[in-house]
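A short worksheet on the structure shown next.
Numbering (my numbering), first residue to last: 121 to 308.
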């Protein structure tokens with residue numbers, strides 16, 4: 121009988137799981153230390169076990185709340201830092217000169233800019249192009265490229281022995297002319 125087994129390799133990024141387990145380990149350690157301290161205080165200092173356990177519960181609640189709010193606090197801090205960094209980075213780029221993009225440009229890092237009733241953020245996911253808009257003759261607004269709509273003059277000289285040989289090669293010459301024009305349109 122043939123071996124029907126299949127070996128499968130799985131490559132998984134377990135960093136977030138390890139971080140969660142480390143956090144859980146920290147909470148368990150804190151709980152254990154708090155309970156040990158509570159029983160110790162109850163025995164050595166004569167405190168009521170009820171009061172000590174209540175105090176432990178309050179400390180653990182405070183610790184849990186602090187841990188739960190940490191990502192929100194970090195997110196707000198990162199956002200404020202990014203906004204302030206973007207504002208100062210944009211306003212004081214190139215030695216204190218405000219960068220002008222009327223002719224276009226590229227933004228390659230997160231940059232804050234004024235927009236309507238607030239601020240906008242560009243370049244947050246990589247480089248972004250700034251392209252000026254122009255209004256066409258039909259009233260449409262959009263990005264225009266230079267040189268794309270101009271015509272080309274192509275001179276194609278054909279030399280043959282007689283008119284009959286020209287007629288025989290006319291199809292081949294037409295195909296060659298079309299290929300040449302298409303290559304020119306592609307910029308090759």
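Quick reminder that beta carbons are idealized off the backbone N, C-alpha and C, glycines included.
The model shown is predicted, which means the values in this text are computed figures rather than measured ones.
In its own chain, which residues sit with a C-beta less than 7 Å from the C-beta of residue i, not counting the 5 before and 5 after it?
i: residue 225; result: 250
i: residue 154; result: 176, 179, 180
i: residue 164; result: none
i: residue 293; result: 278
Could you check where the alpha helix (DSSP H) with residue i kicks off and where it finishes?
i: residue 296; result: 283-306
Pull up the DSSP beta-bridge partners for residue i, would you.
i: residue 252; result: For residue 252, which the question treats as bridged, DSSP gives no partner whatsoever.
i: residue 230; result: None, per the DSSP bridge assignment.
i: residue 261; result: 255
i: residue 235; result: 238
i: residue 143; result: Partner(s): none; residue 143 has no beta bridge.
i: residue 225; result: 250
Looking at the unbroken beta strand (DSSP E) that takes in residue i, where does it start and where does it end?
i: residue 278; result: Counting along the chain, residue 278 falls outside any beta strand (DSSP E), and DSSP gives it neither H nor E.
i: residue 240; result: 238-242
What residues in its chain sit with their C-beta under 8 Å from that of residue i, if we drop five residues either side in the sequence?
i: residue 168; result: 162
- Task: Taking 8 Å as the threshold, find out whether the stretch 139-154 comes into contact with the stretch 167-181 through three or more Cβ pairs.
- Result: yes
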